[in-house]
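Protein chains in written order, with full-length UniProt numbering: chain A, 1 to 115; chain B, 1 to 115. Think of the CB as a built atom: it goes at the ideal place given N, C-alpha and C, for glycine as much as any other residue.
2 protein chains.
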Amino acid sequence: MKTKLTKAECSSNLKNVIDALYVLNGKWKLPIVLSLVNSPKRFNELMKDVEGISPKILAQELKHLEQNELVERKVFATTPVSIVYEASEYSETLKDVLRTLSDWGAGHRKKILGR
Amino acid sequence: MKTKLTKAECSSNLKNVIDALYVLNGKWKLPIVLSLVNSPKRFNELMKDVEGISPKILAQELKHLEQNELVERKVFATTPVSIVYEASEYSETLKDVLRTLSDWGAGHRKKILGR
């Protein structure tokens, strides 16, 4: 039975989802965050983990994620200098979004392949 | 304490999230589904509800959502003919994704405005 929302709840939900997608839009931001939630990584390690992303797009998405405080860029004064990207503490707030998306993706694949 | 995933779990999660975003990508698909989950709507009603979307993009996104069986297009033989879009039963599987995104959007707005 569909639980009916009030008009006000409905429009505030809609605004929240639009706001969330404004920050998280595109097909790469959430996979990058998920990859870093699993372990901090250098640029090239991220390139390998998030299959199909180009260096230019990865650099651009990392900058957006840093601006939204979801990713932190750590510079180590080694020789040569090494840069490691980490999921920020704030990115933990995305845990439920990532879990439900992952569950839905798995279910959708079963539905599509199940035919 | 971050619950560590095994390598296999991590890559399968990543693939699931990438698959989900392949279907749901862009900033309009989920808001359209949410609007229809709340009530079936004609094209112009959807245009009003999902603020900022253009007619061309709405028509395109509705077609993708129909192909992925998330939206149904109902034609009524009135004069003139009337067309109503409805969230499909399958779109209910997106309930958790929509809820967690909505919660995150609300929290993120508080964090950004809270400064």
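Chain A within 9 Å of residue i, Cβ atoms only
i: N44 (chain B); result: no
i: K2 (chain B); result: For K2 (chain B), the predicted model reports a pLDDT of 48, less than 50, meaning its position is unreliable; a value from the coordinates is still stated below. True, the Cβ-Cβ gap to chain A drops below 9 Å.
i: K63 (chain B); result: no
i: L58 (chain B); result: no
i: K111 (chain B); result: yes
i: E51 (chain B); result: yes
i: E69 (chain B); result: yes
i: S35 (chain B); result: yes
i: G107 (chain B); result: yes
i: V23 (chain B); result: yes
Any chain B beta carbon closer than 9 Å to residue i
i: V17 (chain A); result: yes
i: K27 (chain A); result: yes
i: V84 (chain A); result: no
i: A20 (chain A); result: yes
i: S11 (chain A); result: yes
i: S54 (chain A); result: no
i: S88 (chain A); result: no
i: P40 (chain A); result: no
i: P80 (chain A); result: no
Continuous alpha helix (DSSP H) stretch holding residue i: start and end
i: S88 (chain B); result: Unbroken run through S88 (chain B): none, as it is neither H nor E.
i: E66 (chain B); result: 55 to 67
i: K74 (chain A); result: Here K74 (chain A) belongs to no alpha helix (DSSP H); instead the beta strand (DSSP E) covers 71 to 76.
i: N44 (chain A); result: 43 to 49
i: P31 (chain A); result: 29 to 38
i: G114 (chain B); result: Where G114 (chain B) is concerned, there is no enclosing alpha helix (DSSP H), given that its DSSP letter is neither H nor E.
Beta-carbon neighbours of residue i, restricted to chain E and to distances below 7 Å
i: T100 (chain A); result: Although the question refers to chain E, the structure presented lacks it and instead comprises the protein chains A and B.
Under 9 Å between C-beta atoms of residue i and residue j
i: Y85 (chain B); j: K29 (chain B); result: no
i: N13 (chain A); j: S102 (chain B); result: yes
i: D96 (chain B); j: T93 (chain A); result: no
i: G105 (chain B); j: N25 (chain A); result: no
i: H108 (chain B); j: A20 (chain A); result: yes
i: L46 (chain B); j: L34 (chain B); result: no
i: L70 (chain B); j: A87 (chain B); result: yes
Presumed contact (8 Å Cβ cut-off) between residue i and residue j, rounded CB distance
i: E61 (chain A); j: I18 (chain A); result: With 8 Å as the limit, E61 (chain A) and I18 (chain A) do not qualify as a contact, their Cβ atoms being about 20 Å apart.
i: R73 (chain A); j: I83 (chain A); result: 6 Å
i: residue 134 (chain A); j: C10 (chain B); result: Residue 134 (chain A) lies beyond the residue range present for chain A, which begins at 1 and ends at 115; the question has no answer from this structure.
Residues that DSSP places opposite residue i in a beta bridge
i: S82 (chain B); result: B:F76
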